[in-house]
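Numbering (the numbering used here), first residue to last: 46 to 338. Here is the structure we will look at, set down as structure tokens.
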Amino acid sequence: MDVLVASHLYPSALSRISGNFVHNQTRFLAELCEPRVVAPIPWFPLPGFGRWSRFRGLPVQETMDGIDVRRPPYLTLPRRLLLGRAWPSYLRALESRIDSVPDVIHAHVAYPDGRACIEYGRRVGRPVVVTVHGHDLKDLAVNRASWRTWVQQALTGADAVIAVSGELAGRARELGVTDERLAQIPNGVDCDLFQPAARTPGEGGWRLVYSGRYDPAKGLDELLQAMAGLRAEGRDVYLDLVGGGATDLSNHFPARAGQLGVSDRVRFIDEVDWKQMPALFRAADIFVLPSYS
């Protein structure tokens, strides 16, 4: 079976951890079928325009773990300007890089990926599966009526919708997805890679680990405040923050740790390849995720 996977989230040389859950699922999918990936990348006509300019250096085609990945550009504007034009541009990019009609189309994220794939599937007469990961239902679908409509069009037009959590499944139902077309399937874990270590909890102090974006929405300010509170109580606790974030936040959290007097207890670790994460998890006693999103 030939499966087309479409997702602008797909990891690249710019970030091997961003969207790695899509790549890892595709890796395991390759044991059952023949997946190929089209991962459109944002394109903006003016050079040197913030983060958009970074995508210009990406290869238009590469192989990742034996999987063919193609990256055609699609027009998108900063700050979600003219967001409604994103899916037609995405569709044109998608069609430009497909050599043959697939058996099944799998889009990760309802908009613009899912909306474009619904139209492509209609044109070629192939079923479309849309997986929702959160941003599409918890952000786009609630912040503006027009955005909600585009997300709803993708979900109600799909032959099947996969939600990675119960909350997202409930939001999909609210947007009109019937139970017959809805499946709740959480992101998987590679148990060959993620194995616990034999260690004594709390040995040498309790070590906490967080993995994710450096973003206030992830509750990191509160986490640093909690570290200060634990220190005031005389607790021997240390924290590893693994990830990254927007450049304007790159100094915020280290500065905040300094203000709270816990700089010597908090270690900021830049974005690492996901294959290095098991060692960081094994070195910790507790995983923390104080996220609001």
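Note that the Cβ used here is the ideal one computed from N, Cα and C, for glycine as well. The structure displayed is predicted, hence computed values, not measured ones.
Between the CA atoms of residue j and residue i - distance to the nearest angstrom
i           : j           : result
residue 216 : residue 134 : 27 Å
residue 279 : residue 263 : 26 Å
residue 277 : residue 284 : 15 Å
residue 254 : residue 145 : 45 Å
residue 286 : residue 319 : 14 Å
residue 56  : residue 266 : 28 Å
residue 148 : residue 273 : 55 Å
residue 107 : residue 332 : 34 Å
residue 306 : residue 281 : 14 Å
residue 231 : residue 150 : 19 Å
residue 84  : residue 118 : 9 Å
residue 271 : residue 308 : 13 Å
residue 354 : residue 137 : Nothing about residue 354 can be read from this structure; the chain reaches only from 46 to 338.
residue 296 : residue 260 : 11 Å
residue 315 : residue 330 : 20 Å
residue 325 : residue 213 : 29 Å
residue 100 : residue 211 : 34 Å
Assumed close pair residue i, residue j - CB separation to whole angstroms, cut-off 8 Å
i           : j           : result
residue 327 : residue 246 : Incorrect: roughly 12 Å between the Cβ atoms, too far for contact.
residue 334 : residue 302 : Not quite, the Cβ-Cβ distance comes to about 18 Å (not below 8 Å), so this is no contact.
residue 313 : residue 323 : Not really, about 20 Å apart at Cβ, beyond 8 Å.
residue 112 : residue 75  : 6 Å
residue 256 : residue 233 : Their Cβ separation, rounded to whole angstroms, is 17 Å, which puts residue 256 and residue 233 out of contact at 8 Å.
residue 116 : residue 86  : 5 Å
residue 153 : residue 67  : 5 Å
residue 377 : residue 158 : The chain is shown only over 46 to 338; residue 377 falls outside these bounds and no answer can be derived.
residue 71  : residue 50  : 5 Å
residue 78  : residue 46  : 4 Å
Buried versus exposed call for residue i [16 or more other C-beta atoms within 10 Å across all chains shown]
i           : result
residue 186 : buried
residue 337 : exposed
residue 228 : exposed
residue 181 : buried
residue 131 : buried
Beta bridge counterpart(s) of residue i as assigned by DSSP
i           : result
residue 47  : 79
residue 163 : Partner(s): none; residue 163 has no beta bridge.
residue 214 : Paired residues: none, contrary to the question.
residue 151 : 50, 174
residue 341 : With the chain running from 46 to 338 in the structure shown, residue 341 is simply not present.
Within-8 Å CB hit, residue i to chain D
i           : result
residue 270 : Note that chain D does not occur in the displayed structure, where there is just one protein chain.
C-beta contact flag for residue i and residue j at 8 Å
i           : j           : result
residue 206 : residue 193 : no
residue 120 : residue 88  : yes
residue 173 : residue 203 : yes
residue 58  : residue 122 : no
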